[in-house]
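Take the sequence shown: its letters are residues 5 to 402, numbered as in my numbering. Single-structure report; data block below.
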Amino acid sequence: MVMRQLAEGIYWVGAIDWDRRLFDALIPTPEGTSYNAYLIQGSRKTALIDTVDPSKEDELLANLKALNIRSIDYIIPNHAEQDHSGTIGRVLATYPMAKLVTNEKCRDLLQRLLLLPDEVFLSIQDGETLDLGNRTLEFLITPWVHWPETMLTYLREDKILFPCDFLGSHYAASDLFARNRHTIYEAAKRYFAEIMMPFRGSIRGHLERLSHFEIRLIAPSHGPVWDDPKFILDAYAEWTSDRMKDEVVLAYVSMHGSTQRMVDHLIDALISRGVTVRLFNLTVTDLGELAKSLVDAATVVVGTPTILFGPHPAALYATYLVSVLKPKTAYASIIGSYGWGGKTVKVITDMLSTTKMELIPPVVVQGYPKEEDFLSLNALADEIAKRHRENPLIQKGV
Ligand code: FEO
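Here it is, written out as structure tokens:
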């Protein structure tokens, strides 16, 4: 690995995972990812911010060796999840004098996940600092980005924020800094949707706190470093706001063509009313893209046939994702068809009850859709367009 420097005595010592295509056995990562660890040399002490995924531990240690690092005084785990903490044991074996500096909650989780002994830890409180000599680390405990123990580390003299997962992206790049902004923006938005979106409220509070810090660089533990911090901070401010776009996410699956016909009709009806549609055929879609669309969309419509007594499993899974990701989306509806009966509407409605979405009356028909069913779909499109028009939080033409 080529050594990369953020500033004099501050190095990126992580690993790029170009080929990773699935995270947590759940989240597609089409652009790969990186596990960023950073070495900070002070005049008296040396600190390592986060480590890397266990699959890349040799790379981390090789980077430290290449820098001729003989001792590490502090390892700072900002977050206990194993893609950042999983190599701590190996680093401690190589640098046995190092202490783990973190908050109590993170310490507890690390002890449970990695079976680390008590004596390797130094606990810190929110706002506490750690003196490295000519450099000072300040710790901000920021629960729920995206676990309860998460914290950020701010390097005062250099004005660098190390936020671990927060403000990151699953994006493998040879450039240290975010260069292809449009592409990385999309990756960061997708990452926000998949990981951070359920915690929109607490993240807004953390962003407000950060607004009082002077920040020159944001160095997350996934994806490129932001050398224009405002770009990603503004993006997060927008994503976590209550503002929505005049958009419908239409996620559907069809077995014999009836639901497909209804979906086709509803798309045309919405477009003719000036509403943007984001369509996801659940048999082939990348669910990360679906999640990303939910960051802004004002309405979600689930299209599904009834299979046995309820929704198609693909629609069930997509609805479950919506219910746990808790987007700001204001409205929901259901369209589809059934053969003889079932509880499709009830199952989906119950699942969405964890969100604040208002249900717009569904259009679920028996068999192939008929003329009166198309009129019902027109009425559904009318109602969606009306609500979008009348809701002041929904931005038109953006
Ligand atoms: Fe990148 Fe929550 O771990």
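We put the beta carbon where it would ideally sit given N, CA and C, even for glycine.
By the 16-neighbour rule on beta-carbons within 10 angstroms, E362 is exposed.
I92 has no beta-bridge partner at all, per DSSP. Ranked by Cα distance from P233, the first of T244, A182, G137 is A182. For D169 against S225, the beta-carbon gap comes to about 6 Å, under 8 Å, which counts as contact.
Under the three-pair Cβ rule at 8 Å, the segment 39–55 counts as touching the segment 131–142. Nearest in C-alpha terms to E293, of all of A192, S341, R204, is A192. Set against 6 Å, the gap from the CB of D21 to the closest heavy atom of ligand 1 is not smaller.
The beta-carbon separation of R277 and A389, rounded to 4 Å, stays under the 8 Å limit for a contact. A Cβ-Cβ separation of about 15 Å leaves V306 out of contact with A295 under the 8 Å criterion. P317 sits in a helix when the DSSP states are folded into three classes. Here S225 carries a coil assignment [DSSP, helix/strand/coil]. Fewer than three Cβ pairs drawn from the segment 348–363 and the segment 375–384 lie within less than 8 Å of each other, which leaves the two stretches out of contact.
In terms of side-chain proximity, the C-beta atom of E153 is found no nearer than 6 Å to any non-hydrogen atom of ligand 1. Separation of the CB atoms of I128 and V105 is rounded to 6 Å, and the pair is thereby assigned contact status at 8 Å. Annotation: the segment 285–344 contains the following complete segments of the beta strand (DSSP E) (minimum length 3 residues), in chain order: 301–307, 335–342. Bridge partners of W22 according to DSSP: none are assigned. Exclusion of E242 from the 6 Å shell around ligand 1 follows from its C-beta lying no nearer than that to any non-hydrogen atom of the ligand. Taking a contact as a CB-CB distance under 8 Å, the pair A19 and K69 does not count as one, their CB atoms being some 14 Å apart. In the three-state reduction of the DSSP assignment, S38 falls in the strand class. Nearest to E35 by C-alpha distance, out of L43, D238, L26, is L26.
Judged by their CB atoms, H174 and Y195 are nearer to each other than the 7 Å cut-off. Using a C-beta cut-off of 8 Å, the segment 354–372 makes contact with the segment 256–269, since at least three inter-stretch Cβ pairs fall below that distance.
Relative to ligand 1, even the nearest heavy atom lies 6 Å or more away from the CB of D28. Relative to the non-hydrogen atoms of ligand 1, the Cβ of D87 comes within a distance shorter than 6 Å of at least one. The beta carbon of D57 sits no closer than 6 Å to any heavy atom of ligand 1. The beta-carbon separation of G340 and T308, rounded to 4 Å, stays under the 8 Å limit for a contact. Within the DSSP secondary-structure output, E362 pairs in a beta bridge with Y335. A distance criterion of 6 Å places the beta-carbon of D169 in contact range of ligand 1, judged by its closest non-hydrogen atom. In this structure, D250 lies away from H88, with their beta-carbon atoms at least 7 Å apart. When rounded, the separation of the alpha-carbon atoms in M200 and K400 is 25 Å. Taken in chain order, the whole alpha helix (DSSP H) runs of length 4 or more contained in the segment 173–244 are 185–195, 204–214, 233–244.
Measuring C-alpha to C-alpha distances from T287 to each of Y256, T280, D77 identifies Y256 as the nearest. Taking 4 residues as the shortest admissible run, the segment 60–110 contains the following complete alpha helix (DSSP H) segments, listed from N- to C-terminal end: 61–70, 86–89, 92–98.
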